[in-house]
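All letters in the sequence shown, in the order written, are residues -6 to 475 by this note's numbering. Cβ atoms here follow ideal geometry from the backbone N, Cα and C, with glycine treated the same way. Working notes, beginning with the structure itself.
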Amino acid sequence: MRAHLLNNTTAEHYRSTVSAGVERVAATLAATERPFSGIGVDELSPVVDAIDLDRPLGDAAAALDELGEVYLRDAVYFHHPRYLGHLNCPVVIPAVLGEAVLSAINSSLDTWDQSAGGTLIERRLIEWTTERIGLGPAADGIFTSGGTQSNLQALLLAREEAKVRPEHFTRLRIFTSECSHFSVQKSAKLLGLGPDAVVSVPVDRDKRMQTVALAHALESCVAEGAVPMAVVATAGTTDFGSIDPLPEIAALCEQFATWMHVDAAYGCGLLASRERRGLLEGIEHADSVTVDYHKSFFQPVSSSAVLVRDRATLRHATYHAEYLNPRRMAEERIPNQVDKSLQTTRRFDALKLWMTLRVMGADGIGELFDEVCDLAAEGWKLLAADPRFDVVVQPRLSTLVFRYIPTGAVSPDEIDRANLHARKALFASGEAIVAGTKVGDRQYLKFTLLNPETTAHDIATVLDLISGHAEKYLGDSLDRAS
């Protein structure tokens, strides 16, 4: 069994085994003609369930053969140009190289004596990101598992900075747009706030937070004796890619002495854009910012960070343990990243971004993100000119929300069902993958465009497929009713 341990005596075995895996994945990627096989859960589950995990195959080649049957053949491939579903990006090769390195070395980024250079690389990347945002010389942050954890930590800091005793947490309020990420509500619950803690602020026709409504909500909060703990502005909503008016929100946060958090999990790609960086004007006033490099920086999952204007606020996540990070280490200025993190053991995910920047540069990342934003603008023109579809809002980033509308007289409920069916049928066909959401009470479809290889022709083809599935459903529905 020791032959399977990675060390100096098994380096050649490591090389040949991993190379075989890379060859298998490369061959699969080269042969992938659609984003999904179309397999259903009832078909795949028995195959996986039948595997006896107590009877090992004993051979990596055999395990790879089996993996081809239970995973690689039926994986959802984000790199395919007709994957238009969720906020999943194709990944850049330098980052995949970084992933291979960090997995093999297996540094844990909680303490200096487990990571050394890894600690310094992560810290340098945090500094680089805060400089791009403009948070100032006292800024700091930490890598996290994703936007949900980043938002949770930011709101934990905001709660502590509000200086309200735990028995009065029910008085705390968080203000965020009705289009913001669900992790705001989840964070409020995890932080022990009251059921009314999150105040939903209406949005305008472009799906941006209405600052007049926010001002009224803040005024009402104070008048009622509650405490405005934080405002969460979104720079790139999940559904619409909308960017809240950050300068105006910053002014209101200053007026009401309220923590300003910007959830830029999606829109952080603008930090590397030479064309669209201005869309983030005002983010520099934030007290904390969430960035997801694994969305618009084309990094493998996971790669996220929470950044703060004042590094002193990170003390609210600090605990000292004699066996790990005793207080004397801080006094000796030993850089233990666990002092800033909600996690203890933590992967060296920063290495992926480091390799990407060292090979491609920030401009290279920004060019890719600008490409998908340009593509979304083209897609919006296609949808706006197509009588078969109703498109909700002109995109600022790279999402398009739309709905198939038949030419005949059909009830809104039946149109909802036709759109739901079209999405499901498209997924089952494996030809393309799109997402779905609700606008008001109605079902809509969504393109999330994060692949620079996707073309306007791909978009047009998928629209035709959606229309075909919806029309067939409506035709079959009329046949059943007659």
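As a quick exercise: from L186, T169, H174, T2, pick the residue whose alpha carbon is nearest that of E160.
Here residue 160 refers to the residue found at position 167 when the sequence shown is read from its first residue. Ranking the options by Cα distance to E160, first place goes to L186.
With distances taken between CB atoms, is the gap from T137 to Y70 smaller than 8 Å?
Working through the sequence shown from its first residue, we reach residue 137 at position 144. Working through the sequence shown from its first residue, we reach residue 70 at position 77. Contact flag unset, no.
Distance check for I167 and Q203, CA to CA, integer angstroms please.
In the sequence shown, counting from the first residue as 1, residue 203 sits at position 210. In the sequence shown, counting from the first residue as 1, residue 167 sits at position 174. Each residue's Cα considered, the two are about 15 Å apart.
Distance between T311 and R267 (C-alpha atoms, nearest Å)
Looking up residue 267 in the sequence shown gives position 274. Looking up residue 311 in the sequence shown gives position 318. About 37 Å.
Have a look at G91 and R339 and give me their C-alpha separation to the nearest angstrom.
Position 98 of the sequence shown, counting from 1, holds the residue named residue 91. Position 346 of the sequence shown, counting from 1, holds the residue named residue 339. Taking the straight line from one Cα to the other gives about 15 Å.
At which residues does the alpha helix (DSSP H) containing R125 begin and terminate?
Within the sequence shown, numbered from 1, the residue matching residue 125 stands at position 132. R125 -> alpha helix (DSSP H) spans 110 to 126.
Is the segment 103 to 120 touching the segment 328 to 344 in the sense that three or more CB pairs, one from each, lie closer than 8 Å?
yes
Taking 8 Å as the threshold, find out whether the segment 54 to 68 comes into contact with the segment 30 to 45 through three or more Cβ pairs.
yes
Which residue wins for smallest C-alpha separation from V84, given the options L22, A421, P240, C246?
For the purposes of this step, residue 84 is identified with residue 91 of the sequence shown, where counting begins at 1. For the residues L22, A421, P240, C246, the minimum Cα distance to V84 belongs to L22.
To the nearest angstrom, how far is it from the Cα of N81 to the Cα of N99?
For the purposes of this step, residue 81 is taken as residue 88 along the sequence shown, with counting starting at 1. For the purposes of this step, residue 99 is taken as residue 106 along the sequence shown, with counting starting at 1. Their backbone Cα atoms lie some 25 Å apart in a straight line.
So, V344 versus L95, is the Cβ gap smaller than 8 Å?
Within the sequence shown, numbered from 1, the residue matching residue 344 stands at position 351. Within the sequence shown, numbered from 1, the residue matching residue 95 stands at position 102. Here residue 344 turns out to be Leu, not Val, going by the sequence shown. Yes, the pair counts as a contact, with Cβ atoms nearer than the cut-off.
For T283, which beta-bridge partners are listed by DSSP?
Position 290 of the sequence shown, counted from the start, is the residue given in the question as residue 283. For T283, which the question treats as bridged, DSSP gives the partners D256, V299.
Compare the C-alpha of H209 against each of C246, I408, E153 and name the closest.
Position 216 of the sequence shown, counting from 1, holds the residue named residue 209. That would be C246, whose Cα lies nearest to the Cα of H209.
Tell me, to the nearest whole angstrom, how far the beta carbon of A298 is from that of S143; I am working on the premise that it is less than 8 Å.
Along the sequence shown, one-based indexing puts residue 298 at 305. Along the sequence shown, one-based indexing puts residue 143 at 150. That belief holds up - the Cβ atoms of A298 and S143 are roughly 7 Å apart, short of 8 Å.
In terms of residue numbering, what span does the beta strand (DSSP E) encompassing I135 cover?
Here residue 135 corresponds to residue number 142 of the sequence shown, with the count starting at 1. Unbroken beta strand (DSSP E) run through I135: 133 to 137.
DSSP state of L186 mapped onto helix, strand, coil:
Counted from its first residue, the sequence shown places residue 186 at position 193. Note: L186 maps to coil in three-state DSSP.
In three-state DSSP terms, what is G248?
By one-based count along the sequence shown, residue 248 stands at place 255. Before going on, a small fix: residue 248 reads as Gln here, not Gly. DSSP places Q248 in helix when its eight states are reduced to three.
Go to T349, then tell me how far its alpha helix (DSSP H) extends in each direction, as first and last residue.
Residue 349 sits at position 356 when you count from the first residue of the sequence shown. T349 -> alpha helix (DSSP H) spans 343 to 352.
According to DSSP, residues forming a beta bridge with G429:
On the sequence shown, residue 429 is found 436 positions in, with the first residue counted as 1. Partner(s): L438.
When DSSP builds the beta bridges, which residues end up paired with S170?
On the sequence shown, residue 170 is found 177 positions in, with the first residue counted as 1. V194.
Using a Cβ-Cβ cutoff of less than 8 Å, which residues in the same chain neighbour A463 once the five nearest sequence positions on both sides are dropped?
Working through the sequence shown from its first residue, we reach residue 463 at position 470. So the list reads Y397, P399, A411, N412, H414, A415, once near-sequence residues are dropped.
For P221, the residue or residues it bridges with in DSSP:
Reading the sequence shown from its first residue, position 228 is the one you call residue 221. Answer is R166.
Going by C-alpha to C-alpha distance, which of P87, D237, F162 sits closest to K200?
As a position in the sequence shown, residue 200 is number 207, starting the count at 1. K200 has its Cα closest to that of D237, out of P87, D237, F162.
Of all the options T122, F420, L57, E446, which has the alpha carbon lying nearest to the alpha carbon of S12?
Residue mapping note: residue 12 aligns to position 19 of the sequence shown, counting from 1. The option with the nearest alpha carbon to S12 is L57.
If we ignore side chains and look at the alpha-carbon of each, how far apart do A97 and R381 end up?
In the sequence shown, residue 97 corresponds to position 104, counting from 1. In the sequence shown, residue 381 corresponds to position 388, counting from 1. About 51 Å.
Between the C-alpha atoms of R75 and W347, what's the straight-line distance to the nearest angstrom?
Here the question's residue 75 lines up with position 82 in the sequence shown. Here the question's residue 347 lines up with position 354 in the sequence shown. Our two residues, R75 and W347, have alpha carbons roughly 29 Å apart in a direct line.
Got a sec? Which residues, its chain only, sit under 8 Å from P240 by beta carbon, not counting five neighbours each side?
Position 247 of the sequence shown holds residue 240. So the qualifying residues of the chain are E274, G275, H278.
Would you mind working out which of V225, L207, E115 sits nearest L150, comparing C-alpha positions?
Position 157 of the sequence shown holds residue 150. Of the listed residues, the one whose Cα sits closest to L150 is V225.
Which of helix, strand or coil does DSSP assign to M322?
For the purposes of this step, residue 322 is taken as the residue at position 329 of the sequence shown. Three-state result, M322: helix.
What does a CB cutoff of less than 6 Å around Y437 pick up in its chain, not counting 5 residues either side in sequence?
Translated into the one-based positions of the sequence shown, residue 437 becomes position 444. The beta carbon of Y437 sits closer than 6 Å to those of V394, R396, T430, all from its chain and outside the five residues before and after it, given in chain order.
Give me whichever residues DSSP pairs with T392 in a beta bridge.
Sequence index remark: in the sequence shown, residue 392 carries index 399 (1-based). In the DSSP output, where bridge partners are listed per residue, T392 has T441.
When the distance is taken between beta carbons, is G78 closer than 8 Å to A453?
In the sequence shown, the residue the question calls residue 453 occupies position 460. In the sequence shown, the residue the question calls residue 78 occupies position 85. Not in contact: A453 and G78 (Cβ atoms no closer than 8 Å).
So what does M(-6) bridge to, in DSSP terms?
Position 1 of the sequence shown holds residue -6. According to DSSP, M(-6) shares a beta bridge with no other residue.
Tell me whether I236 sits in a helix, a strand or coil according to DSSP, three-state version.
As a first step, residue 236 is located in the sequence shown; it is residue number 243 there, counting from the start. Secondary structure at I236: strand, using DSSP grouped into helix, strand and coil.
What is the rounded straight-line gap between the Cα of L37 and the Cα of M(-6)?
If you number the sequence shown from 1, residue 37 lands on position 44. If you number the sequence shown from 1, residue -6 lands on position 1. Rounded to the nearest angstrom, the two C-alpha atoms are 31 Å apart.
Of the choices R198, I242, E217, whose alpha-carbon is the least far from that of L205?
Counting from 1 along the sequence shown, the entry for residue 205 is found at position 212. Correcting the residue identity first, residue 205 is Val in this sequence and not Leu. Selection R198, I242, E217 evaluated against V205 yields I242 as nearest (Cα-Cα).
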